[in-house]
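A.B. asks: Please see the structure below; I have some questions.
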Amino acid sequence: MISLAVSFIFLQVNNNILILFYIYIVIKKTYEYACFYVDCQLLVSGLLIQLPDGRVEGTTDTTRAGTTYHSFLAMRYAEPPIGQLRFQNLTSTPIESDLTVMVWIHGGGFIQGAGYMNEGGVGPKFFMDEDVVLVAFNYRLGPFGFLSTGDKRIPGNLGLKDQVFALKWVQQNIKYFGGDPNKVTIFGQSAGSSSVSYQLLSSQSEGLYRAAILESGTALSPWAYQRYERDISFLTAKYIDPDFNGTTSDDLLDFLNTASADSIDKASAELNSHYENASNYQISKGFFYAPVIEVSHNDAFLTKPQYGLFENGTFNKVPIIMGMNAEESLALLSGDPSYLWKIYDSQPEVLVPFDMHIENEELKKSIGSKIKDFFAAEGFENSLANSIKYHSVHDFDKAGIKQAQLISAYTSVYFYNFVYSGVMGNNINNKLNGTGNVTHSEELNYIFSKWYSNEIPDNTDLSYFPKSDKVVHDNLMALWTNFAKNLVPTTNVNKSEAFQWDPVDPEEFKYLEIGEQLLMKKGYPKSEKYIFWDQLYTDYAVPPFDTF
1 MISLAVSFIF LQVNNNILIL FYIYIVIKKT YEYACFYVDC QLLVSGLLIQ LPDGRVEGTT
61 DTTRAGTTYH SFLAMRYAEP PIGQLRFQNL TSTPIESDLT VMVWIHGGGF IQGAGYMNEG
121 GVGPKFFMDE DVVLVAFNYR LGPFGFLSTG DKRIPGNLGL KDQVFALKWV QQNIKYFGGD
181 PNKVTIFGQS AGSSSVSYQL LSSQSEGLYR AAILESGTAL SPWAYQRYER DISFLTAKYI
241 DPDFNGTTSD DLLDFLNTAS ADSIDKASAE LNSHYENASN YQISKGFFYA PVIEVSHNDA
301 FLTKPQYGLF ENGTFNKVPI IMGMNAEESL ALLSGDPSYL WKIYDSQPEV LVPFDMHIEN
361 EELKKSIGSK IKDFFAAEGF ENSLANSIKY HSVHDFDKAG IKQAQLISAY TSVYFYNFVY
421 SGVMGNNINN KLNGTGNVTH SEELNYIFSK WYSNEIPDNT DLSYFPKSDK VVHDNLMALW
481 TNFAKNLVPT TNVNKSEAFQ WDPVDPEEFK YLEIGEQLLM KKGYPKSEKY IFWDQLYTDY
541 AVPPFDTF
């Protein structure tokens, strides 16, 4: 039997960005058996696989269980988006197999990150022992992927459309590597999780997957949506060239098509850094380069607000796992967010979310004071723990719970709260008494192989970690991969004692608490805080909503 990983990447040569992919394939029996599935020839260094567009050669590596897998590197899957193609969609010039396919969409705030798998970042080795095909790709980021003029000239969402293109490639080609295109699960974390959520909303990706896993991010997350895309686009041009004085979308597109990729990239970085601790601010108000609602056109990815689409059942109805970590916003401690606490205390109106659509300034101040009194009555500056807990709920938790609540009437939704703080999580610095102590992305260390340090060179050697870490790792891998295989999240326990993860009931929220033990719970995670926000929207917010 074969397990496999595929990773699409970008390669920049001078100012030309080529779109490529990397493939990892595991062979658990004989080379001849593998060739039966993937039409290949043996090589001294690995395998040669014939695709419709050419042949690719592989190299080899080994998992913790001694399983050999093959890597196929630097294969193009589309024409490079350069020159006149820079802000356009991608273009590109059937042996049944039955392996489940898991497609990973990386995070990074829509401006950084990569799908390329290596042991310095994240690696595929844990999945290579699970009889699945693992695919991880890159998509255009920052202004290249999410700049928009708010009209048909640069409608936006190119990064999301790249993801669709990669998913279509999987449908057309994964059979050559032993994968079944009818058994595809998409999953991601942070901005990658929000991307998965957006894919649920788009008709462009309908039929390209049969299940989804969302880790710490949704299309309803306040940071995963940009309302002022046109302003950001023209401001970007000013940062490229202060003398730019264009006023139309055509002016902007012509200017950007003649600018170097380096200058566009540099300008976007400077635009972000111009604002003090801008990344922290954008987490609450929306990343500068993020998904948008497009005007109606033939290739539009999304033309209606995401909240209403979920609420009305207008989305791709597949089984879903989604959830959050116990204290997502501990990640803020990597920087210095103290300037935010001062602003919150002196100007509580800034605590009122944009998506509540409150225009009256006096009402906004009143609502802001209610938020401040609920989360930090003694002042944000005087309670770091309460400040972090405010951001966790506002920036991550409430949007995830709300999406699960909205869509549970239409499809099976399995919600989780990851509460385990272990050595394998590698959260050394971002811990704080009085909080949940499991930060953003911490769960990834339990599902992806990763290099840690000279003392702990590789988390695939579980002897470095406490027994409880291995239990959590085993449970996560089983839940995620069994869900992908069978559409029901189960653990590898004796069938007579099989663990049952109950889906969210539209009338009664249920979730799985993932710690050293797996515990089903009723009600919302952080129930009091979520109910506060939900009631605040009910009492004061003006629909229709986009995020939450």
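Its first residue numbered 1, the sequence shown is counted upward by one per residue in UniProt numbering.
Glycine residues also receive a C-beta, built at the ideal position from the N, C-alpha and C atoms.
1) Output needed for S195: all residues of its chain with C-beta closer than 7 angstroms, excluding positions within five of it in sequence on either side, in chain order.
2) If F380 sits next to Y344, beta carbons under 8 angstroms apart, how far is it from one beta carbon to the other, in whole angstroms?
3) What is the residue span of the alpha helix (DSSP H) that M477 lies within?
4) Taking DSSP as the reference, what is the three-state secondary structure of A541?
5) Look up K521 in the DSSP assignment and say whether it is helix, strand or coil.
6) When you compare each of T236, S190, L302 to P143 by their alpha carbons, which one comes out closest?
7) Any chance the segment 396-411 sits against the segment 200-217, with 3 or more Cβ pairs inside 8 angstroms?
8) Look up F548 in the DSSP assignment and say whether it is helix, strand or coil.
9) Between which residues of its own chain and D502 is the CB-CB distance below 7 angstroms, once the five residues before and five after are set aside?
10) Applying the 10 Å Cβ sphere with the 16-neighbour rule, what's the burial state of V469?
11) Between K29 and G335, what straight-line distance do the alpha-carbon atoms span, to the nearest angstrom?
12) Can you give me the Cβ contacts of P305 inside the same chain, cut-off strictly under 8 angstroms, excluding the 5 residues immediately before and after it?
13) Quick one, are the C-beta atoms of A326 and G436 less than 8 angstroms apart?
14) To the nearest angstrom, how far is it from the Cα of G109 to the Cα of W223?
15) Going by C-alpha to C-alpha distance, which of W169, N417, E361 sits closest to F137?
16) Does the beta-carbon distance from P321 to Y416 come in below 8 angstroms?
17) Would A409 pass as an interface residue toward chain C - the criterion being a Cβ-Cβ separation below 8 angstroms?
18) Where do the ends of the beta strand (DSSP E) carrying L444 lie?
19) Whole beta strand (DSSP E) runs in the segment 388-434 with 3 or more residues, listed along the chain?
20) Taking the straight line between their C-alpha atoms, what separation do you get for S463 and I428?
21) Indicate whether P489 and L479 have their beta-carbon atoms separated by less than 8 angstroms.
22) Relative to the C-alpha of A259, which candidate in I240, L271, Y116, L518 has its C-alpha closest?
23) Count the other C-beta atoms from every protein chain shown that fall within 10 angstroms of the C-beta of residue 554, then say buried if there are 16 or more, exposed otherwise.
24) A211 lies in the beta strand (DSSP E); which residues open and close that run?
25) Could you pull out every unbroken beta strand (DSSP E) segment of at least 3 residues lying fully inside the segment 180-212, listed in chain order?
26) Can you tell me whether I358 is buried or exposed? The criterion is at least 16 other CB atoms within 10 Å of its CB, across all chains shown.
27) Take D151 as the anchor and find which of L518, T100, L252, F310 has the nearest alpha-carbon.
28) Have a look at T491 and V132 and give me their C-alpha separation to the nearest angstrom.
29) Starting from N173 and walking both ways along the beta strand (DSSP E), at which residues does that stretch end?
30) Tell me which residues share the same chain as E270 and place their Cβ nearer than 7 angstroms to its Cβ, disregarding the 5 neighbours each side in the sequence.
31) With a Cβ-Cβ cutoff of 8 angstroms, do T481 and E130 count as a contact?
32) Taking the beta strand (DSSP E) that K510 falls in, what are its first and last residues?
33) Look up residue 556 in the DSSP assignment and say whether it is helix, strand or coil.
34) So F354 and R227 are supposed to be a Cβ contact under 8 angstroms. How far apart are they, rounded?
35) Just to check my reading of the structure: E349 and K364 have Cβ atoms closer than 8 angstroms, yes? What is that Cβ distance to the nearest angstrom?
C.D. replies: For this structure:
1) Taking the first residue of the sequence shown as position 1, residue 195 is located at position 195. The residues are I105, L160, Q163, G188.
2) Working through the sequence shown from its first residue, we reach residue 380 at position 380. Working through the sequence shown from its first residue, we reach residue 344 at position 344. Indeed they touch by this definition, with Cβ atoms about 4 angstroms apart.
3) The residue you call residue 477 lines up with position 477 of the sequence shown. Here the alpha helix (DSSP H) through M477 covers 467-486.
4) Along the sequence shown, read from residue 1 onward, the residue named residue 541 stands at position 541. A541 falls in the coil class under three-state DSSP.
5) Start at 1 with the first residue of the sequence shown, and residue 521 comes out as number 521. If DSSP states are grouped into helix, strand and coil, K521 belongs with the strands.
6) Within the sequence shown, numbered from 1, the residue matching residue 143 stands at position 143. Looking at the Cα atoms, T236 is the closest of the given residues.
7) yes
8) As a working note, residue 548 is residue 548 in the sequence shown. In the three-state scheme derived from DSSP, where H, G and I count as helix and E and B as strand, F548 is classed as coil.
9) Looking up residue 502 in the sequence shown gives position 502. Cβ within range, chain order: K510, M520.
10) Counting from one through the sequence shown, the residue named residue 469 turns up at place 469. Checking the sequence shown, residue 469 turns out to be Asp, not Val. D469 comes out buried.
11) As a position in the sequence shown, residue 29 is number 29, starting the count at 1. As a position in the sequence shown, residue 335 is number 335, starting the count at 1. Note that K29 scores 35 on pLDDT, short of 50, meaning its location in the model is unreliable; the coordinates nonetheless yield the value given after this. Distance between the alpha carbons of K29 and G335: 49 angstroms.
12) Along the sequence shown, read from residue 1 onward, the residue named residue 305 stands at position 305. Hits under 8 angstroms: I293, P544, F545, D546.
13) What you label residue 326 is simply residue 326 of the sequence shown in a count that begins at 1. What you label residue 436 is simply residue 436 of the sequence shown in a count that begins at 1. In this structure, G436 lies closer than 8 angstroms to A326 by Cβ.
14) Here residue 109 refers to the residue found at position 109 of the sequence shown. Here residue 223 refers to the residue found at position 223 of the sequence shown. Roughly 8 angstroms between the two C-alpha positions.
15) For the purposes of this step, residue 137 is taken as residue 137 along the sequence shown, with counting starting at 1. Comparing Cα-Cα distances from F137 to each of W169, N417, E361, the minimum goes to W169.
16) For the purposes of this step, residue 321 is taken as the residue at position 321 of the sequence shown. For the purposes of this step, residue 416 is taken as the residue at position 416 of the sequence shown. Per the sequence presented here, residue 321 reads as Ile, with Pro not at that position. Yes, they are a contact pair.
17) Reference to chain C is not applicable here, since this structure consists of a single protein chain.
18) Working through the sequence shown from its first residue, we reach residue 444 at position 444. That residue, L444, is in no beta strand (DSSP E); it is neither H nor E in DSSP.
19) 413-418
20) Numbered from its first residue, the sequence shown carries residue 463 at position 463. Numbered from its first residue, the sequence shown carries residue 428 at position 428. Cα to Cα, the separation comes out at about 19 angstroms.
21) Position 489 of the sequence shown, counted from the start, is the residue given in the question as residue 489. Position 479 of the sequence shown, counted from the start, is the residue given in the question as residue 479. Taking 8 angstroms as the Cβ cut-off, P489 and L479 qualify as a contacting pair.
22) Within the sequence shown, residue 259 is the residue found at index 259, counting from 1. It is I240.
23) An answer regarding residue 554 cannot be provided, because it is not within the stretch 1 to 548 covered by the chain.
24) Residue numbering aside, residue 211 sits at position 211 when the sequence shown is read from its first letter. First-last of the beta strand (DSSP E) with A211: 211-215.
25) none
26) Counting from 1 along the sequence shown, the entry for residue 358 is found at position 358. Under this definition I358 is a buried residue.
27) Here residue 151 refers to the residue found at position 151 of the sequence shown. Among L518, T100, L252, F310, the Cα nearest to that of D151 is on L252.
28) Counting from 1 along the sequence shown, the entry for residue 491 is found at position 491. Counting from 1 along the sequence shown, the entry for residue 132 is found at position 132. Near 16 angstroms, if we compare the C-alpha coordinates of V132 and T491.
29) Working through the sequence shown from its first residue, we reach residue 173 at position 173. Unbroken run through N173 is the alpha helix (DSSP H), 158-173; no beta strand (DSSP E).
30) Counting from one through the sequence shown, the residue named residue 270 turns up at place 270. Correct list, in chain order: Y239.
31) Looking up residue 481 in the sequence shown gives position 481. Looking up residue 130 in the sequence shown gives position 130. Result yes, Cβ atoms of T481 and E130 sit closer than 8 angstroms.
32) Walking along the sequence shown from the start, residue 510 turns up at place 510. It spans 510-514 - the beta strand (DSSP E) in which K510 sits, taken as one unbroken run.
33) The chain is shown from 1 up to 548; residue 556 falls before or after that span and cannot be answered.
34) The count along the sequence shown starts at 1 and reaches residue 354 at position 354. The count along the sequence shown starts at 1 and reaches residue 227 at position 227. About 7 angstroms; that satisfies the 8 angstroms criterion.
35) In the sequence shown, the residue the question calls residue 349 occupies position 349. In the sequence shown, the residue the question calls residue 364 occupies position 364. Right, their Cβ atoms sit about 4 angstroms apart.
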